[in-house]
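Using numbering that gives the first Met the number 0, read the sequence shown as starting at 0 and increasing by one per residue.
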Amino acid sequence: MSSQHDLGRLRKRYGKFPLVEAVLADGAFAPLHGGARRGQGGRRSEVAMAIRRPSGGILLQTKAFYPPGTFRLPTGGIKEGEDVEHALLREVHEESNLDVEIERLVAVIDHTAPAGAAPFRSYMFLLREVGGTLKVNDPDERISGWDARDVLGLDQAARDLRNLDGTWRRWGRFRAVALEVLAGAIR
Numbered sequence: 000m001s002s003q004h005d006l007g008r009l010r011k012r013y014g015k016f017p018l019v020e021a022v023l024a025d026g027a028f029a030p031l032h033g034g035a036r037r038g039q040g041g042r043r044s045e046v047a048m049a050i051r052r053p054s055g056g057i058l059l060q061t062k063a064f065y066p067p068g069t070f071r072l073p074t075g076g077i078k079e080g081e082d083v084e085h086a087l088l089r090e091v092h093e094e095s096n097l098d099v100e101i102e103r104l105v106a107v108i109d110h111t112a113p114a115g116a117a118p119f120r121s122y123m124f125l126l127r128e129v130g131g132t133l134k135v136n137d138p139d140e141r142i143s144g145w146d147a148r149d150v151l152g153l154d155q156a157a158r159d160l161r162n163l164d165g166t167w168r169r170w171g172r173f174r175a176v177a178l179e180v181l182a183g184a185i186r
């Protein structure tokens with residue numbers, strides 16, 4: 000299914016949403032999960048899950064191999080031929096075990112690099128937790144902690160990601176974009 004077809008279908012279902020272009024100014028796409036690069040294995044898109052807890056906070060996660068204190072939105076890949084919403088609900092189950100309702104499609108973010116690499120697309124959804132028990136169903140995810148954040152906490156998490164250095168620098172800047180777009184949308 001083409002990305003234009005996806006956008007048209009999602010607009011019919013969710014109405015208007017912004018298409019954000021995020022240029023990764025410092026070159027190639029950021030490393031993911033300990034060195035893999037985005038796009039390996041044909042992965043060109045993901046779902047980003049902004050899960051609103053009953054307390055009102057947005058659920059962020061950290062993984063065992065991230066720099067200490069680093070939190071981000073949960074995300075997951077969209078498999079070849081998989082419907083965006085199916086991928087969203089599959090990933091929510093795998094990573095959080097929570098029952099959710101889709102509130103809205105917050106934005107579609109196209110990450111591009113000046114070198115002309117193919118864009119990488121993130122479909123960011125705002126979800127409302129309606130049940131379930133927070134736990135990881137896929138141990139390969141290596142999720143080691145959760146935190147629920149208000150808008151100021153999302154801003155802080157984005158700043159923390161942008162301030163990472165060394166081998167985490169590009170990854171942090173890439174992952175900060177979704178938090179910044181989300182914080183702006185729910186202000």
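Think of the CB as a built atom: it goes at the ideal place given N, C-alpha and C, for glycine as much as any other residue.
Cβ neighbours of H92 within its own chain (closer than 7 Å, five residues either side excluded): N136. Contact check for A147 against I77 fails: the beta carbons are separated by 8 Å or more. About 15 Å separates the beta carbon of D5 from that of V105, a gap too long to meet the 8 Å contact definition. The DSSP-derived three-state label of Y122 is strand. Boundaries of the alpha helix (DSSP H) harbouring R169: 168-185, taken from the DSSP string. Per DSSP, the continuous alpha helix (DSSP H) segment holding K11 begins and ends at 2-13. Nearest Cα to I142 within the set Q155, L72, E102, H110: L72.
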